[in-house]
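K.L.:
This note's numbering numbers the first residue of the sequence shown as 43 and each following residue consecutively. Every residue, glycine too, gets a C-beta built ideally from N, C-alpha and C. Owing to the predicted nature of the structure, the values given are computational and were not obtained by experimental measurement.
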Amino acid sequence: MDINNVIYPFTLLPNFKGKVRILRIIHQFFSKKNNKTFWTYLNKPVRYQMNINPNCGHELMSYYMGGYEHDTVLFLDKIYDPNGYFFDIGANVGYISIPFTLMQKNKYNNDKFVTYSFEAINSNYDSLVRNIIINGLVNNVKSFRVGLGDMEKDVIIQVEGNLKDGCGTGTANILPENSLFNCERINLKITTLDSMVAQKIIPSNVTLMKLDTDGYDFFILQGGKAILKNSRPLIYGEFAKICLAWHNHKIDDVVSYMKSFDYSIFFKYPNMWKFNHKYDIQKYISDLLLIPNEQIDKYKIFLINDIF
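Below is the structure:
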């Protein structure tokens with residue numbers, strides 16, 4: 043019996059409290075000896091195919107819920123300016139890049155629409171490429187097996203589940219310099235956005251960037267000074283407080299740095315797609331919207347009115 047054929051109909055049910063827990067128990071009970079990846083369709087925010095690794099928490103959750111971070115994709119779709127490119131930095135296996143690209147192709151009736159996706163982990167990148175191919179997006183999602191940061195250097199990265207390189211997909215984080223954390227260490231060379239633009243590997247005309255690199259978001263901004271100065275992209279990023287702290291960074295560092303490029307920083311309200319310029323830093327967890335000052339009027343619909 044293929045357990046996925048049993049579970050799939052339940053994934054189509056409306057989401058309810060405890061749904062993931064129930065499906066996980068059923069899945070684990072029937073598939074203790076089956077850890078193979080499998081293909082499935084996800085339906086949020088659009089229908090697309092994904093290869094699921096049952097040992098990866100967020101991939102299995104996407105299967106149970108019919109999508110992953112689909113609300114983020116819908117938000118990015120609303121704020122995207124089609125006069126430039128979308129950069130998905132920390133693309134993982136394609137949960138943002140693939141549905142976003144499918145939506146833009148349909149929205150603008152443009153088969154030549156291109157997203158640029160960046161993923162550092164070999165196993166994640168390999169899965170990303172497979173997912174791009176199965177969804178017919180080879181010419182629409184330009185993927186790069188690359189880690190980005192503030193300068194070209196060697197770093198150490200750890201993958202979710204303490205996996206060895208190539209042993210499975212998952213979220214990952216670059217370890218702080220001189221870290222003594224006991225884990226499976228993977229060597230990684232990183233470069234910068236500005237360097238890739240200067241070498242004409244990627245275009246400079248980016249209007250929207252998504253950052254989700256588990257603590258390295260600020261470093262990536264530091265490696266993109268020319269892009270911030272000349273291209274002026276809108277930026278939505280995780281900037282998780284706890285992850286930034288791994289590298290001795292604070293939200294105040296991000297705010298100060300971006301202000302030097304004439305950007306304003308807006309904090310996301312929990313459970314809603316609204317942002318405020320004023321927020322209690324002590325309560326902040328994650329998610330920032332960085333807007334060039336000259337573009338603020340364009341995005342006022344997403345901003346809390348009383349800050350103006």
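In three-state terms, what does DSSP make of Met251?
P.N.:
In the structure shown, Met251 sits in a strand (DSSP, three-state: E or B).
K.L.:
Report the option in Leu102, Val171, Tyr341, Tyr158 whose CA atom is closest to the CA atom of Lys365.
P.N.:
Outside the displayed range of the chain (43 to 350) lies residue 365, so it cannot be described from this structure.
K.L.:
Report the three-state DSSP secondary structure of Lys340 (helix, strand or coil).
P.N.:
Lys340: helix per DSSP, three-state reduction.
K.L.:
Which ranges does the alpha helix (DSSP H) cover as unbroken runs of at least 4 residues, wholly within the region 123-166, from first to last along the chain?
P.N.:
The region 123-166 contains these whole alpha helix (DSSP H) runs: 139-149.
K.L.:
Under the three-state reduction of DSSP, which class applies to Asn313: helix, strand or coil?
P.N.:
Three-state result, Asn313: coil.
K.L.:
Is the beta carbon of Tyr127 sitting closer than 7 Å to the one on Asn247?
P.N.:
Yes, these two residues count as a Cβ contact at 7 Å.
K.L.:
Can you tell which of Tyr311, Ser169, Ile163, Lys301 has the C-alpha that lies nearest to the C-alpha of Ile333?
P.N.:
Per the Cα distances, Lys301.
K.L.:
Given that a residue counts as buried once 16 or more other Cβ atoms are within 10 Å of its Cβ, and exposed if not, what is Glu161?
P.N.:
Flag for Glu161 reads buried.
K.L.:
Contact check, Asn95 vs Asn173 under 8 Å by CB: the rounded distance?
P.N.:
At roughly 11 Å, the Cβ-Cβ gap does not stay under 8 Å, so Asn95 and Asn173 are not in contact.
K.L.:
For the alpha helix (DSSP H) that Met234 lies in, which residues bound it at each end?
P.N.:
The sequence given here has Thr at residue 234, not Met. Taken as a continuous stretch (DSSP letters only), Thr234 belongs to no alpha helix (DSSP H), as it is neither H nor E.
K.L.:
Roughly how far, in whole angstroms, is the beta-carbon of Glu194 from the beta-carbon of Thr233, given that I think they are within contact range, below 8 Å?
P.N.:
5 Å between Cβ atoms; contact.
K.L.:
For the alpha helix (DSSP H) holding Phe260, just list the boundary residues, first then last.
P.N.:
Note, Phe260: alpha helix (DSSP H), 259-264.
K.L.:
Classify Ala287 as buried or exposed, calling it buried when 16 or more other Cβ atoms lie within 10 Å of its own Cβ.
P.N.:
The residue is exposed, with fewer than 16 neighbouring Cβ atoms inside 10 Å.
K.L.:
Looking at the unbroken alpha helix (DSSP H) that takes in Val394, where does it start and where does it end?
P.N.:
Summary: the structure shown does not reach residue 394, with the chain confined to residues 43 through 350, and so no result is reported for it.
K.L.:
What does DSSP give as the partner residue(s) for Ile277 in the beta ladder?
P.N.:
DSSP lists Met251, Leu332 as partners of Ile277.
K.L.:
Using 8 Å for Cβ pairs, my map puts Gly236 next to Lys267. What's the rounded Cβ distance?
P.N.:
Checking the sequence, you will find Asp at residue 236 rather than Gly. 6 Å between Cβ atoms; contact.
K.L.:
Three Cβ pairs or more, each shorter than 8 Å: is that satisfied between the region 288-299 and the region 150-159?
P.N.:
With the cut-off at 8 Å, the region 288-299 and the region 150-159 do not touch.
K.L.:
Going by beta carbon distance, what residues of the same chain come within less than 6 Å of Gly208, once the five residues before and after it are set aside?
P.N.:
Residue placement at Gly208 is flagged as unreliable, the pLDDT there being 46, under the threshold of 50; a coordinate-derived value is accordingly withheld.
K.L.:
In this structure, does DSSP put Val197 in helix, strand or coil?
P.N.:
In this structure, Val197 counts as strand in the three-state DSSP scheme.
K.L.:
From Met269 to Thr249, what distance separates their C-alpha atoms?
P.N.:
Before going further, note that residue 269 is Ile rather than Met in the sequence given. Approximately 10 Å, taken between the alpha carbons.
K.L.:
Is the distance from the Cβ of Ser159 to the Cβ of Asp130 below 7 Å?
P.N.:
Yes, Cβ-Cβ distance for Ser159 and Asp130 is below 7 Å.
K.L.:
Tell me which residues share the same chain as Asn57 and place their Cβ nearer than 7 Å to its Cβ, disregarding the 5 neighbours each side in the sequence.
P.N.:
Taken in chain order, the residues that qualify are Met107.
K.L.:
Mapping DSSP to helix, strand and coil, what is Tyr110?
P.N.:
In the structure shown, Tyr110 sits in coil (DSSP, three-state: anything other than H, G, I, E or B).
K.L.:
Tell me whether Gly189 sits in a helix, a strand or coil according to DSSP, three-state version.
P.N.:
In this structure, Gly189 counts as strand in the three-state DSSP scheme.
K.L.:
Since Gln91 sits in a beta bridge, which residues does DSSP pair it with?
P.N.:
According to DSSP, which records beta bridges pairwise, Gln91 is partnered with Tyr83.
K.L.:
With DSSP as the reference, label Ile307 as helix, strand or coil.
P.N.:
In the structure shown, Ile307 sits in a strand (DSSP, three-state: E or B).
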